[in-house]
Amino acid sequence: MNRNRTFRFVVKAVIAAILIIGWIAFGRPIIKNLFHNSVVSAQQTANVFVIRNAKIVTVTGATIERGSVLIRDGKIAEVGARVTAPSNAKVIDATGLSVYPGLIDCGTSLGLTEIGSIQETRDTTELGDFNPHMRAIVAVQPHSELIPVSRANGVTTAITRPGGRLVSGQSALINLDGWTWQEMTVKTPAAMAMEYPRAPRGRGAAFAQAEGANNIAQLRDRQLNALRQKLEDAQAYAKAKEARAADKGLPPRPVDHVLEALIPVVKGELPVLMVANAEREIKGAIEIADKYKLKLIISGAADAWKVASTLKEKNIPVIIGPVTDLPNNEDDDYDLNYSHAAKLHKAGVKFAFQTDDAAYARNLPYQAGTSAAFGLPKDEALKAVTIYPAQIFGVDKLLGSIEVGKMANLIVTDGDPLEFKTSVKQMFINGKPVDLSSRHTRLYDKFKDRQ
Amino acid sequence: MKRHSTILLTALIAALASVAQAQNKGEVLIKNATIMTASHGVIEGGSILIRDGKIAAVGKNTEVRAGANARVIDATGMYVTPGIIDAHSHSALDSVNEGSVSVSAMVRMKDVVDNTDINIYRQIAGGTTTIHSLHGSANSIGGQNVILKLKWGKPAEEMIVPDMPRTIKFALGENPKRAGNQSNPFGQGNRPLRFPATRMGVEFTIREAFQQAREYMREWDEYAAAKERGGDPAPPRRDLKLEAIADILRGKLLVHSHCYRADEILMLMNVADEFGWKVLAFQHVLEGYKVAKEIAAHGAGGSTFSDWWAYKIEAYDAIPGNAAIMHHKGVITSVNSDSADLARRLYQEAAKTIKYGGLTDEEALRFITLNPAKQIKMDHRIGSIDVGKDGDLAIFNAHPFSIYARVEMTLIEGEVYFDRKEDLKRRETIAKEKKELIEKERRTAPQEQRQPMPPITPTVSGPGDDQPKIKQ
Chain L
2 MNRNRTFRFV VKAVIAAILI IGWIAFGRPI IKNLFHNSVV SAQQTANVFV
52 IRNAKIVTVT GATIERGSVL IRDGKIAEVG ARVTAPSNAK VIDATGLSVY
102 PGLIDCGTSL GLTEIGSIQE TRDTTELGDF NPHMRAIVAV QPHSELIPVS
152 RANGVTTAIT RPGGRLVSGQ SALINLDGWT WQEMTVKTPA AMAMEYPRAP
202 RGRGAAFAQA EGANNIAQLR DRQLNALRQK LEDAQAYAKA KEARAADKGL
252 PPRPVDHVLE ALIPVVKGEL PVLMVANAER EIKGAIEIAD KYKLKLIISG
302 AADAWKVAST LKEKNIPVII GPVTDLPNNE DDDYDLNYSH AAKLHKAGVK
352 FAFQTDDAAY ARNLPYQAGT SAAFGLPKDE ALKAVTIYPA QIFGVDKLLG
402 SIEVGKMANL IVTDGDPLEF KTSVKQMFIN GKPVDLSSRH TRLYDKFKDR
452 Q
Chain X
725 MKRHSTILLT ALIAALASVA QAQNKGEVLI KNATIMTASH GVIEGGSILI
775 RDGKIAAVGK NTEVRAGANA RVIDATGMYV TPGIIDAHSH SALDSVNEGS
825 VSVSAMVRMK DVVDNTDINI YRQIAGGTTT IHSLHGSANS IGGQNVILKL
875 KWGKPAEEMI VPDMPRTIKF ALGENPKRAG NQSNPFGQGN RPLRFPATRM
925 GVEFTIREAF QQAREYMREW DEYAAAKERG GDPAPPRRDL KLEAIADILR
975 GKLLVHSHCY RADEILMLMN VADEFGWKVL AFQHVLEGYK VAKEIAAHGA
1025 GGSTFSDWWA YKIEAYDAIP GNAAIMHHKG VITSVNSDSA DLARRLYQEA
1075 AKTIKYGGLT DEEALRFITL NPAKQIKMDH RIGSIDVGKD GDLAIFNAHP
1125 FSIYARVEMT LIEGEVYFDR KEDLKRRETI AKEKKELIEK ERRTAPQEQR
1175 QPMPPITPTV SGPGDDQPKI KQ
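So the protein lines, in turn, are chains L and X. Just so we're aligned, residue 2 is where the first sequence starts under my numbering, counting upward by one. Just so we're aligned, residue 725 is where the second sequence starts under my numbering, counting upward by one.
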């Protein structure tokens, strides 16, 4: 028995080694060519760019008043006042312009929805309460008209997430460029999208009764129990799986896709992006995260300012927005949401912005800017759409600032990207120049000169 | 809960009303400001004198003199614009849609004004001073609209502009046909199906209404003629719906029509031409840029969103350059909110039109001031900073088209209705009062009994599907 197992292991190891060596030798260039779809000599020229004479706002380091950024093979290769570029580099003279990292929207349904009122174009909400096995990335439509429209205002990267269920599915961090969803993928799953049970807005008692509950509170409690049960089931399932991995003598169990997908969640490896708005919901979400050792990110977070000290103490980041929404209660301060980010900043809570939309992801910079009009320091506003999102989703070694080695997601602008009058003149995603035209510019150009 | 929120609201209104009432009519001088007049450029280091609610003088600091008793507002470093006008609002109304009939021309929004709507205060906090509050878009021919000055704390009668021009709402496309669509939830369940269900039916509904109104007018003309001849004829039956439509034919009631697609815009102008009336303004008009030439030739205005799109199929060709193209082709253009949310920052919406359409600051400013004033026939009174007009002003801490700008103060007819400093000062008092009220409520109200929880059964359906964004 034991010898047999050792033998099988050796055979497997040999096969694996052959596969790895084969991939290193032959596979990699093939994959590379597939992705870049170009011959090698042209590729070298196409892959090296240098942006000259620009103001470089690195976000994490000092701003360089006049300098260059060298982009090679999708990455930022050099940054500084003086940069030596190879002779084959394509030079972009950015005199009078500024370079910023691409903006990151922490909550959208980009690629999952096209036209709000047409159900057939929406792929955000699968049936059933528990959909941890649903993967947003496979439903991302790379050629959605909403994607180039979002890019035009400087958004290069976004979380796209399912919604509307207790466990809605796996959200993905995507670049807003690519021929396929695989090319768009930055990180998937980026977080498990969940919603803290709440009274469904605008449905009230009738809805609760339709669901077989006497009132809304009861319905919420029931959902909460079901969520707890599911997390406990996942813990038990993970334990059983580990036990069998350690002892093959145990009987095999059939795969449960729901619980299988929850394993990284209950192990605290995959963050939970949990929608929770009211103070009670946020506290409830924290309670669940504590109990089941979840890595929590709060999304929506309308009342986060009321729970700020706990959020700071437990180091729980929040994704707020749209901050341009109306306050929920008529006796709220008129600027409650406008000034939310300033309050969180003051309290030391880590936060970032989302548009919570697809068609309006282009308004991400104005989420940050409006918050700055109501007390958030301007540099913090910029961080909350660049480096903070990267930190919150664990990709700050890859994105969110202009630093050597990071993915070259950059925008070249004629000013502060949070300002209305600023235009994005050029964009790089993954080191490639990206088309900034869209359905909107095409229709504009077509009709502006109509006689 | 309901009770103490009502008490709170009443307290809040009383507190704010007392601020407004404390200021007497008389003279108000705003000095050292950058004045964006919307009619004749920008005045740096300027002053505005308001006397008895009207603008009495505007110019350089040295050119404007106030009396000794004038209230002086030092606006050093600040920008002053005309009070913002929202040409498409549904705020401060108890109800919006009389959707049971295809033609609801007899209903009037001035009968359902809600002066306690908190959105009034939120909107003056964003510099908005006048709103055109419209009937909804469920009907081909909807109800009659109301023009309100957002005098927070005043009775409804004082908010309604006394001699306001009369306007009526029409609606084309998806919304009026929605009630007739069998696959739509609006046409099912507790609501009966209703004609029309297509754009064809919408056109016919409008045409039929005007046909009936013509006949109705003829009956009354014949009646008047018979009386004139000395006879004693029986008067025709009075019909409030046809009375309103007859007023459109008489030019006394002006049409604002909700629309999206180019074809339906052309359709309505065609019907209007046939019956001899004019569309005063197209609302939303998201494809206005496709037929701007025709709209300009008809003489209609266009009141649109800055950047809304893709929420339904008729909004899929909407572009943020719409306002700019319509404007450049000679259409009087405005940017509106159609939402209690956006109405709080129309200055930002105007700024976006600069970004997407390459306009000047003054052109963009007119989109939210002088042009909407023209679209509601109020430009003789509001919409620019000119002598003789109402003292309706918004004061910003920075250039209003900067993302970092916010409104510091809003005046209507010379009275300060919003002052950010006062608002911030009041917060502590209001919070204290709220706490006391809640504690009092807890002491006196009977304890709510929480129902025991039933046993857990597996649930299959979720908390609810996302509702699409549907405009009124």
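Virtual Cβ for every residue (Gly too), placed ideally from N, Cα, C.
With the rule of 3 Cβ pairs closer than 8 Å, the region 252 to 268 of chain L does not count as touching the region 147 to 159 of chain L. At least 9 Å separates the beta-carbon of residue 1109 of chain X from that of residue 1135 of chain X. Where residue 374 of chain L is concerned, the enclosing alpha helix (DSSP H) starts and stops at 365 to 374. In terms of beta-carbon proximity, residue 1091 of chain X stays away from the interface with chain L, with every pair separated by 9 Å or more. The Cβ-Cβ distance between residue 317 of chain L and residue 301 of chain L does not fall below 9 Å. Inter-residue distance for residue 298 of chain L and residue 369 of chain L is about 19 Å (C-alpha atoms, whole angstroms). At a cut-off of 9 Å between C-beta atoms, residue 1126 of chain X counts as an interface residue with respect to chain L.
In terms of Cβ geometry, residue 1025 of chain X and residue 1057 of chain X form a close pair [threshold 9 Å]. One thing to note: residue 193 of chain L has its Cβ no nearer than 9 Å to the Cβ of residue 219 of chain L. In this structure, residue 902 of chain X sits away from residue 867 of chain X, with a CB-CB distance that is not shorter than 9 Å.
In the same chain as residue 178 of chain L, and ignoring 5 residues on each side of it, the C-beta atoms closer than 6 Å to its own belong to 430, 435, in chain order. Taking 9 Å as the threshold, the shortest C-beta distance from residue 1034 of chain X to chain L falls below it. Around the beta carbon of residue 1132 of chain X, 16 or more other beta carbons lie within 10 angstroms, which makes this residue buried. With respect to the 9 Å criterion, residue 296 of chain L and residue 322 of chain L are not classified as neighbours on the basis of their beta carbons. When 7 Å is used as the limit between beta carbons, residue 444 of chain L is near these residues of chain X: 1041, 1043, in chain order. In this structure the region 997 to 1017 of chain X touches the region 975 to 988 of chain X; the number of beta carbon pairs closer than 8 Å is three or more. For residue 925 of chain X, the enclosing alpha helix (DSSP H) starts and ends at 923 to 952.
Ranked by how close their Cα comes to the Cα of residue 142 of chain L, the residues L/115, L/86, L/446, L/160 have L/115 in first place.
With a threshold of 16 other beta carbon atoms within 10 Å, residue 248 of chain L falls short and is exposed.
Around the beta-carbon of residue 924 of chain X, fewer than 16 other beta-carbon atoms lie within 10 Å, marking it exposed. Counting only unbroken stretches of 3 or more residues, the beta strand (DSSP E) elements lying wholly within the region 779 to 855 of chain X are 795 to 798, 803 to 806, 808 to 813, in sequence order. Listed along chain L, the residues sitting closer than 7 Å to residue 1014 of chain X by beta-carbon distance are 448.
When secondary structure is reduced to three states using DSSP, residue 1150 of chain X falls in the helix class. When DSSP states are grouped into helix, strand and coil, residue 288 of chain L belongs to the helix group. Secondary structure of residue 1060 of chain X (DSSP, three-state): coil. Around residue 1099 of chain X, the same chain offers 811, 1004, 1005, 1025, 1027, 1056, 1058 as residues with beta carbons nearer than 7 Å, after the five sequence neighbours per side are excluded. Per DSSP, the unbroken alpha helix (DSSP H) holding residue 901 of chain X starts and ends at 898 to 902.
Between residue 1076 of chain X and chain L, the shortest Cβ-Cβ separation is below 9 Å.
Bridge partners of residue 883 of chain X according to DSSP: none are assigned. By the criterion of a C-beta distance shorter than 6 Å, residue 991 of chain X is surrounded in its chain by 927, once the five residues flanking it on both sides are discounted. If you compare the alpha carbons of X/940, X/946, X/988 with that of residue 974 of chain X, the shortest gap goes to X/940. Looking at X/1069, X/1033, X/816, X/803, the one whose alpha-carbon comes closest to that of residue 857 of chain X is X/816. Around the Cβ of residue 438 of chain L, a 10 Å sphere holds fewer than 16 other Cβ atoms; the residue is exposed. Judged by DSSP in its simplified three-state form, residue 310 of chain L adopts helix. In the structure shown, residue 761 of chain X falls within a coil segment according to DSSP collapsed to helix, strand and coil. Nearest in C-alpha terms to residue 1112 of chain X, of all of X/753, X/1045, X/766, X/781, is X/781.
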